[in-house]
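Engineer: Per our numbering, the very first residue in the sequence shown carries number 193; after that it's consecutive.
My structure is below; once you've seen it, I'll send some questions.
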Amino acid sequence: MLTEYKREGQEWVLRVFIDHPDGVTLDHCGQATHLVADALEENDPIATAYRIEVSSPGVDRPLVKLADFERFLSERVFVKTHKAFEGSKKFTGTLLACSAESVRVLNEHDQKEVDIPFELISKATLKPILNFS
């Protein structure tokens, strides 16, 4: 489960992303919404008004933990770093390997493999090519 809490316009939004090996259904989202709302009502950790959204991570799902990267080996990914690494801060390409220290991406820009240290990653997502034809 991933969460995101941020201001959008005039309101705050708490997003909860749930996952399931067989996919996420509307029933899963509904159940999770009730569980999250009940837990927040009981503990009340957020002082301001906010809206709760529960959904699947989607096709461009975030990759956060090592297990996320392991699950999506050979998939197309986007990785952004905190600071320039190997001459860039953004890498898009095939996820070739991962370890506790780094992820290896075949960069589409120059067709070179780059090992990006985990501590430099500020954002990583799947970046599938969607073909609607």
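Ideal placement from N, C-alpha and C gives every residue a C-beta, glycine not left out.
Per DSSP, what kind of secondary structure is Leu227 in: helix, strand or coil?
Structural biologist: Correct three-state label for Leu227: helix.
Engineer: Out of Val205, Asp260, Ala259, Thr225, which one is the CA nearest neighbour of Ala241?
Structural biologist: Ranking the options by Cα distance to Ala241, first place goes to Val205.
Engineer: Determine the closest residue to Leu255 out of Leu322, Thr195, Ile321, Arg199, with distance taken between C-alpha atoms.
Structural biologist: For Leu255, the nearest C-alpha among the options comes from Thr195.
Engineer: For Ala231 and His301, I'd like the C-alpha separation in whole angstroms.
Structural biologist: Approximately 45 Å between the Cα atoms of the pair.
Engineer: Would the beta-carbon of Thr217 fall within 9 Å of that of Val246?
Structural biologist: The answer is no: Cβ separation not under 9 Å.
Engineer: From the DSSP secondary-structure annotation, give me the bridge partner or partners of Pro309.
Structural biologist: In the DSSP output, where bridge partners are listed per residue, Pro309 has Ser294.
Engineer: Within the stretch 255-294, note down every full beta strand (DSSP E) run reaching 3 residues or more, in order along the chain.
Structural biologist: 268-277, 280-290, all fully within the stretch 255-294.
Engineer: Where Glu311 and Glu262 are concerned, what is the direct C-alpha to C-alpha distance, given to the nearest angstrom?
Structural biologist: Cα to Cα, the separation comes out at about 17 Å.
Engineer: Which residue or residues does DSSP assign as beta-bridge partners of Val205?
Structural biologist: Note: Val205 sits in a beta bridge opposite Lys198, Arg243.
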